[in-house]
Structures are given as C-alpha cells and as structure tokens.
Amino acid sequence: MELTVAGRKVYCYSGGKTFDAALPCVVLIHGALNDHSVWTLLARWFAHHGRSVLAPDLPGHGRSEGPPLDDVESLAGWMVALLDAAGARNAAFVGHSMGSLIALEAAARAPQRVQRLVMLGTAVPMKVSDALMQTSQHDPLKAIDMVNAYSHASTAAKPSYPGPGSWLHGSNRALMRRVQGGQRGLNLFHHDFGICDRYAGGLAAAAEVHCPATIVIGARDQMTSPKQAATIAKALNARVQSVDAGHMMMSEAPDAVLAALRGAVE
Amino acid sequence: MPGASDPGFDTLALHAGAAPDPATGARAVPIHLSTSFVFENSEHAASLFNMERSGHVYSRISNPTNAVLEERVAALEGGCGSIATASGQAALHLAVATLAGAGSHIVSSSALYGGSHNLLHYTLARFGIETTFVKPGDIDGWRAAIRPSTKLLFGETLGNPGLDVLDIPTVASLAHDHHLPLLVDSTFTTPWLMKPFDHGADLVFHSATKFLSGHGTVIGGVLVDSGNFDWSAAHAASGRFAELAAPYDGFHGMVFSEESTVGAFLLRARREGLRDFGACMSPHTAWLILQGIETLPLRMARHVENTRKVVAFLAGQAMVEGIGYPELENHPSHALAQRLLPRGCGSVFSFNLRGSREQGKAFIEALRIFSHLANVGDCRSLVIHPASTTHFRMDDAALAQAGITPGTIRLSIGLEEPDDLIDDLKRALKVAEKAAAGSGAPR
C-alpha cells in the first residue's frame with residue numbers, strides 16, 4: 006500500500022492483506038540496501054495470523070520516494086510518523102541490521118508507541134571496517150559482492166526463500182544492486198553504511214527502552230557476529246535467541262526466525 | 007574473492023544447493039522420489055499454501071532434489087533462482103507463457119533450434135502469440151520488429167546451426183530501451199563458456215539434456231532468472247507485464263513484484279505455469295543432471311580442446327568447406343566470439359560437404375565413433391544432417407535464413423581421444439570421395 010510521510014510517497018508491504026489499524030501491528034524494518042521483500046514470508050505469516058503488518062521501503066529505497074534520510078535518529082522519527090500515517094497507535098518494532106538500530110532508537114524516543122523491540126543481526130555500535138567503507142565508496146558493486154558473500158553462512162540453506170529453487174546469494178546480490186541503482190547520483194550503499202557506522206547513541210537509547218526486548222542472532226553471522234550483540238543485549242536486558250544462519254537469517258532460516266519472532270512479538 | 011564465503015565456479019558446480027542430508031548424513035544428493043510431503047499440522051499446511059512459509063507440498067510444484075538442481079544452475083549462471091522443467095522446450099514455453107498471452111508478440115533470432123522455431127512460428131501462433139524472426143546480427147531488424155505488444159526478445163547464445171554469436175550486450179540494451187527483457191537459450195555454451203546475465207540478458211534457459219547432463223540419458227530443462235529486470239518499472243513505463251506487476255486473481259490478488267522485488271518472474275512461473283501446465287521434471291532426472299553438472303567444468307574444457315583439434319583437421323580437407331566455427335577468422339561472428347566467448351565456442355558446429363547427396367549419406371554412414379542421431383552435447387561424439395532431420399519442417403527459404411544448405415553436416419564433438427575422432431572422420435571422408443567416383447554425379 007502507499008502512504009504519505011512528511012510529504013513523500015512511501016511504499017509499505019502489508020503481508021498480502023489490507024492493513025487494518027484496529028489489529029495489533031508489527032512493523033518490519035529492513036537493513037542497508039535492502040527493501041521490504043526481505044520480510045515477505047514473515048509479513049505474510051503475521052498478516053494472516055491476527056496482526057496488521059507495516060513493512061516499509063525506507064525513504065529512497067525500493068519503491069519509496071527519496072531522498073534517503075541521513076541518520077538513525079531521523080529514520081526513527083520517520084518510523085513513528087509512519088505509524089501515524091497508517092493510523093496505528095502502537096506496534097511491535099522488528100528491525101534487521103541497520104533496521105535494528107532504527108527500531109532501537111524509535112523504542113527509546115516513543116516508548117508509548119513501541120510495545121515490543123526485536124533486533125535481528127545487530128551490533129551496538131555497528132562499526133563498519135575502513136576497508137569496507139572505502140570499497141563501498143569507490144567500488145560499490147565490489148562492496149556489494151563482499152557484503153553479500155559475508156552475509157550468507159551457507160550455499161545450501163533450506164528450504165530457501167521465498168521458496169524452493171531460489172539461490173539466496175544471487176537474490177540478495179540482485180536486490181542490493183536494484184536498490185543501489187534506484188538512487189541515481191547517490192551512492193546509497195555508502196550512505197547506508199555511514200548511517201550504521203556513525204550511530205553512537207545505541208547504549209543511551211537502550212537505557213530509555215522499557216518494553217520487552219529480544220535479540221535474534223545468527224550463530225554464523227560474519228557481518229554482526231554473535232559476540233557483538235552481547236553489549237546491547239545486556240543493556241536492554243533482552244532475551245537472546247540464536248538461529249543457525251548467517252546475517253541474512255530471514256532468508257537462510259525463515260522457520261527459525263519465525264519461531265523466534267512469534268515468541269518475541271506475542 | 008573466491009573462498010568459503012564466495013565459492014568459485016568449480017566449487018559451486020559441486021556444492022551449490024547441496025549439503026549433507028540432515029536426516030541421514032548422506033553426502034551425495036538424495037533422490038526424493040515422493041509425490042508429496044507431510045505437513046506438520048493444519049496450520050503448517052495452510053501457511054505453505056499461502057506462501058507464509060517456505061517448503062515443499064507437491065512435486066509438480068517443487069521437490070527437494072529438483073531444488074538442489076535449481077539452486078545449482080542459478081548459482082552457476084549468477085541468477086536469483088531457477089525452475090527445472092520436463093525439457094528445454096518446456097523451459098522455453100514456461101518463459102513465454104509467464105509473460106505472454108493471446109495478442110502478444112515476440113521478436114526472435116531466426117537462427118534457432120528447429121524445435122524452438124516450430125514452437126514460436128507455428129504452435130504459439132495457434133494460441134495468438136505472434137513471432138517476428140530477424141537475423142541475429144541485424145540490430146536494425148531487431149529494433150524495427152518491436153511493437154507495443156512485444157513482450158520478449160529471444161535468441162540463442164550460439165545460433166543453431168551456423169553458430170552466429172548473439173550480440174547479447176547490444177540486443178539486451180535495445181530490449182531494455184524498450185522496457186523489454188531478453189531471453190537467451192544458453193544450451194550450447196553453458197555457464198562455463200558464457201554467463202549471459204553478465205552481458206545484460208535477463209532470462210536464460212537450457213536444454214539440460216545436453217551439456218549440463220553430458221551423459222545423454224535424460225531429457226530436462228532449466229529456466230533461470232537473473233533477478234535484474236524491473237517488471238514494475240516496465241509496467242509503469244509501458245503497461246506491459248501486468249502478469250507480474252498487477253493483482254493476480256489466481257492467487258488471492260497477489261502482486262508478484264511486490265512479494266519479491268527480484269524473484270517475481272519465478273514466483274509466477276512456478277505458481278502458475280508449473281502448477282497449471284505441469285511440465286515438471288522428475289526428481290530422478292534432476293539427480294542425473296546433477297551428476298553431470300558436477301563435472302561440467304572438466305568436460306567443457308575437454309569438449310573445446312577436442313573441437314579445436316577436429317576443426318583444424320577438417321579445415322585442411324579438400325572435401326570440406328564452410329566450417330561454421332566462430333573461432334575461425336572467416337566466421338562472421340569471429341570478433342564477437344573473441345569478446346563474449348574467450349573460453350571457447352563450444353563443441354557443436356557445422357560444415358558443408360562438397361559433393362552429391364549420395365556422398366553426404368556415404369560420409370555419415372561410414373562414421374564408426376560418431377553416432378548418427380538427433381542430439382548434441384553428449385560425452386560421445388554425434389553427427390546429423392539438419393536439413394533432413396532437426397530442421398526438416400522448414401521450407402527452403404527458412405532454411406536459407408537459418409544458414410542451412412542441403413549439404414550441411416552438424417557435429418557434436420565428445421570426449422573421446424581426439425586422434426580417434428580425426429581418424430574416424432578421415433576414413434569417412436575417403437569413403438565419401440570414393441562414393442563420388444561410383445556415382446559419377448558431382449553436385
């Protein structure tokens with residue numbers, strides 16, 4: 006569905022059902038250079054099990070108008086504005102990677118709007134190596150291949166995503182290239198990595214979070230290693246769930262992530 | 007950056023899509039000969055049908071063994087996924103049927119496998135899908151043939167049988183300028199020789215019966231999506247592809263391009279074309295093709311090496327003319343081949359035999375190692391006379407447009423000792439020469 010936030014057109018996937026603001030809402034926030042389609046199975050499951058779902062393309066990503074916002078704080082405010090635009094009073098906020106930082110910051114800024122916080126594939130701080138930052142700046146297609154390689158733990162994750170016969174490395178590479186290509190004149194990859202790298206308010210935000218929090222880690226995550234999630238997990242007093250997957254856990258282990266989210270959101 | 011996180015081609019050929027079986031520890035891919043798969047409970051069943059969870063329901067739609075093959079071929083091609091089909095023809099039909107319907111139009115290279123030409127020219131026309139054929143190198147012809155109703159541009163990486171190299175970068179660019187995808191039949195080259203997606207193609211299919219298998223035991227096809235074509239943008243710009251970018255009544259109003267930004271084509275192809283037309287692959291076939299793919303890099307290197315030796319031999323024979331192999335400088339696609347096919351031009355090629363029809367017949371019948379049959383890409387060497395077999399449905403004008411003469415002989419060079427192949431050809435040429443003396447009727 007299409008919404009308007011701050012005067013800009015926003016695409017929001019609602020899980021294959023018409024959004025109903027009267028139902029308890031789950032917000033799904035994608036990571037760097039991704040879009041709503043990383044959530045398809047989970048969004049469909051929640052939408053068909055008594056929830057309303059908002060899985061937006063962040064500004065400047067996928068089908069949503071730009072320009073992209075420049076920092077986690079702005080994106081957190083934008084997410085709350087998205088709730089207003091959809092007519093949802095509050096929601097469970099679920100974020101992956103860069104999206105997990107946005108969910109964290111939103112939970113701190115609008116505690117009355119965020120009922121549950123779930124952070125997947127996360128680290129606070131989420132520092133990006135100098136080598137990767139530079140590659141993303143000067144050779145983004147090469148950086149996409151690097152990140153894509155390190156985001157997957159297996160060349161045989163079953164039953165694949167969104168269904169059998171999909172090659173996850175190829176799908177994610179094509180998605181990142183598509184999203185990157187959607188912003189002419191702007192290196193969105195470098196922009197998104199900069200957002201992750203610069204965000205310094207994670208622990209301060211955690212101190213302001215009062216809703217139940219869950220961290221879902223990929224046991225074989227090479228982008229945000231399980232060790233890196235320990236600090237924020239402690240700060241949030243979060244429940245920690247581990248799934249046997251890499252950073253792209255929603256596609257590598259969709260059933261395990263669903264099980265983790267059901268426990269975290271319900 | 008090859009390594010465990012980013013495996014190279016040879017590693018993917020062995021491992022992509024397959025891990026030790028979690029139930030048994032079996033290292034080789036198991037053959038899951040089961041029509042259907044038990045649901046955990048009613049809720050699980052409903053969620054599989056409604057695309058809330060991923061998994062297998064019924065083997066016409068997906069199967070664990072087939073899924074390994076699909077992921078492997080997609081990995082080797084650099085695509086986002088693929089669908090295994092009953093044959094290469096079924097893969098072509100699935101691609102067309104997913105994008106086109108009555109009133110649609112296709113622009114195709116005229117240098118095609120006879121079966122593909124037949125499907126496009128005769129059979130699909132019966133269902134209201136019209137095709138305009140253009141010479142593969144005639145870029146102005148491609149451009150002029152595009153209509154508002156065009157849904158697809160189509161060609162073979164190496165056109166059958168003259169081996170015209172399709173200028174994929176140029177034709178793909180032309181297609182994209184008109185918000186159209188380029189579909190490529192990559193059967194003759196396999197991803198070891200060329201990855202069409204790297205050059206701009208959007209969809210690829212294979213007759214997996216040929217080089218991907220290599221053993222000549224099963225019929226199968228694979229349709230691969232690059233994930234690069236933006237169906238929503240094309241729909242917005244041209245009104246085409248409502249099949250992927252507008253609600254589909256056959257699946258609760260699903261908009262495939264919203265469900266999957268990069269996998270919309272395969273979602274619809276599997277959930278409509280495979281479901282409704284039913285041209286699926288047997289898991290046993292998928293398993294046999296996987297056995298072939300494991301050695302694809304080794305076999306393709308040897309196919310090319312042997313072919314170069316045979317071509318060099320034939321080039322020195324008085325009875326042979328017009329060898330159609332793009333590595334030869336006089337081939338019209340030589341420059342393009344050097345650019346797009348640096349590893350080689352495959353192992354299927356044609357030449358013309360000087361002499362009478364009787365001499366041609368004598369040549370084919372004198373061969374002992376080469377098998378006279380209708381196939382290519384086998385580990386064994388093969389020979390055929392296209393005008394009377396694979397392309398027999400075409401009239402003289404269509405034959406000429408496809409670059410075939412009555413004296414054209416097509417070879418598919420296998421993996422035998424190259425000296426043995428040359429010896430076989432040498433002897434058959436002598437028999438053909440003597441047949442001329444006997445008939446006294448040179449052509």
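Read top to bottom, the protein sequences are chains E and C. Take 6 as the starting number for the first sequence in the working numbering and just add one per residue. Take 7 as the starting number for the second sequence in the working numbering and just add one per residue. Every residue, glycine too, gets a C-beta built ideally from N, C-alpha and C. The model shown is predicted, which means the values in this text are computed figures rather than measured ones.
Please state whether DSSP places residue i in a helix, a strand or coil.
i        : result
E:Gln142 : helix
C:Lys436 : helix
C:Arg449 : With a pLDDT of 38 at C:Arg449, under the threshold of 50, the modelled position of this residue cannot be trusted; read the value that follows with caution. Reduced to three states, the DSSP call for C:Arg449 is coil.
C:Leu258 : The sequence given here places His at residue 258 of chain C; Leu does not occur at that position. Here C:His258 sits in coil by DSSP.
E:Met103 : helix
C:His6   : What the structure shows of chain C is the stretch from 7 to 449, and residue 6 of chain C is not part of that stretch, so it cannot be assessed.
C:Arg416 : strand
C:Ala275 : helix
E:Gly223 : strand
C:Asp231 : strand
E:Glu110 : helix
C:Leu82  : helix
E:Met253 : coil
C:Met7   : Interpretation of C:Met7 is limited by its pLDDT of 46, a score under 50 that renders its predicted location unreliable; the figure taken from the coordinates is listed afterwards. Coil.
E:Arg121 : strand
C:Thr137 : strand
E:Lys132 : coil
C:Glu300 : coil
C:His378 : strand
C:Thr104 : helix
Near residue i, what residues of its chain come up, given a Cβ to Cβ distance below 8 Å and the 5 sequence neighbours on each side ignored?
i        : result
C:Tyr254 : Met260, Val261, Phe262, Arg274 and Glu278
C:Gly446 : Residue confidence for C:Gly446 is low, a pLDDT of 43 falling below 50, so the modelled location carries little weight and cannot support an answer.
C:Ser339 : Gly143, Leu169, Asp170, Val171 and Pro332
C:Pro303 : Phe15, Asp16, Ala19 and Trp198
E:Met228 : Ser102, Gly126, Val152, Tyr155, Ser156, Gly251 and His252
C:Ile112 : Val102, Ala106, Leu126, Leu130, Ile135, Glu136, Thr137, Thr138, Thr156, Lys157, Leu158, Leu159 and Phe160
C:Gly84  : Pro197, Lys201, Phe203, Asp204 and Ser232
Using a Cβ cut-off of 8 Å, pull out every chain E residue sitting near residue i, in sequence order please.
i        : result
C:Arg59  : Leu46, Trp50, Pro259, Asp260 and Leu263
C:Val268 : Ser42, Ser176, Ala179, Leu180 and Arg183
C:Ala178 : Simply none; closest approach about 15 Å.
For residue i, list the residues DSSP reports as bridge partners.
i        : result
E:Glu7   : E:Tyr16
E:Val30  : Reading the sequence as shown, one finds Cys at residue 30 of chain E and not Val. Per DSSP, E:Ser57 and E:Ala96.
C:Tyr64  : C:Ser42
C:Met400 : None; C:Met400 has no bridge partner.
E:Gln246 : E:Val221
Counting only Cβ pairs nearer than 7 Å, list the residues of chain E close to residue i.
i       : result
C:Cys86 : Ser171, Trp172, Gly175, Ser176 and Ala179
C:Ile89 : Gly170
Going along the chain, which residues of its own chain have a beta-carbon closer than 6 Å to the beta-carbon of residue i, five neighbours each way excluded?
i        : result
E:Glu70  : Arg13 and Lys14
C:Phe235 : Pro187 and Asp208
C:Val63  : Leu54
C:Phe282 : Checking the displayed sequence, the identity of residue 282 of chain C turns out to be Asp instead of Phe. Correct list: empty, nothing qualifies.
C:Val437 : Ala368 and Ala372
C:Met7   : For C:Met7, the pLDDT reaches just 46, beneath the cut-off of 50, and the residue's location in the model is therefore unreliable, leaving the point undetermined.
E:Trp44  : Leu33 and Ala60
C:Ala90  : Asn72, Leu75, Glu76, Val228, Met287 and Ala292
E:Asn204 : In the sequence on display, residue 204 of chain E carries Tyr and not Asn. Taken in chain order, the residues that qualify are Val77 and Leu106.
C:Ser93  : Ile225 and Gly227
E:Gln233 : Ala128
For residue i, which residues from the same chain have a beta carbon less than 7 Å from its beta carbon, with the 5 sequence-adjacent residues on both sides left out?
i        : result
C:Pro448 : Below a pLDDT of 50, predicted positions are generally treated as unreliable, and C:Pro448, at 37, falls in that range; no measurement from the model is reported.
E:Gly65  : Gly71, Pro72, Pro73, Gln188 and Leu193
E:Gly207 : Leu106, Leu109, Val129, Pro130 and Ile237
C:Ala251 : Trp237, Ser238, His241, Val261 and Ser263
C:Pro424 : Asn312, Lys315 and Val316
Quick one: list the residues of chain C neighbouring residue i, beta-carbon separation under 8 Å, in chain order.
i        : result
E:Tyr204 : Those do not exist, as E:Tyr204 stays about 26 Å from chain C at its closest Cβ, beyond 8 Å.
E:Ser105 : Here the premise fails: no neighbours, minimum Cβ distance about 21 Å.
Can you name the residues of chain E whose CB is closer than 9 Å to the CB of residue i?
i        : result
C:Met400 : Simply none; closest approach about 35 Å.
C:Ala25  : Ser159, Thr160, Ala161, Ala162 and Lys163
Which chain C residues are close to residue i, counting only those with a beta carbon under 9 Å from its beta carbon?
i        : result
E:Pro167 : Met57, Ser60, Glu265, Ser266, Gly269 and Leu273
E:His215 : Per Cβ cutoff of 9 Å: no residues; E:His215 is ~31 Å from chain C at best.
Which residues in chain C have a C-beta closer than 7 Å to the C-beta of residue i? List them in chain order.
i        : result
E:Gly126 : Those do not exist, as E:Gly126 stays about 16 Å from chain C at its closest Cβ, beyond 7 Å.
Contact between the region 184-193 of chain E and the region 23-42 of chain E (3+ Cβ pairs under 8 Å): Taking a cut-off of 8 Å for Cβ pairs, the region 184-193 of chain E and the region 23-42 of chain E touch, as three or more such pairs fall below it.
Residues of the region 272-296 of chain C whose Cβ lies closer than 9 Å to any Cβ of chain D, in chain order: Absence of chain D from the displayed structure is noted, the protein chains being E and C.
Three-pair Cβ contact test at 8 Å for the region 168-177 of chain E versus the region 62-79 of chain C: Segments in contact, yes.
The region 12-32 of chain C contacting the region 146-166 of chain E, beta-carbon criterion three pairs below 8 Å: Segments in contact, yes.
Stretch pair the region 223-242 of chain E + the region 87-96 of chain E: three plus CB contacts closer than 8 Å: The region 223-242 of chain E is not in contact with the region 87-96 of chain E.
Inter-stretch contact at 8 Å, needing at least 3 Cβ pairs: the region 110-123 of chain C / the region 387-401 of chain C: Contact between the region 110-123 of chain C and the region 387-401 of chain C is present, because at least three Cβ pairs lie under 8 Å.
At least three beta-carbon pairs within less than 8 Å, the region 380-395 of chain C to the region 411-427 of chain C: By the Cβ rule, the region 380-395 of chain C counts as touching the region 411-427 of chain C, because three or more pairs are nearer than 8 Å.
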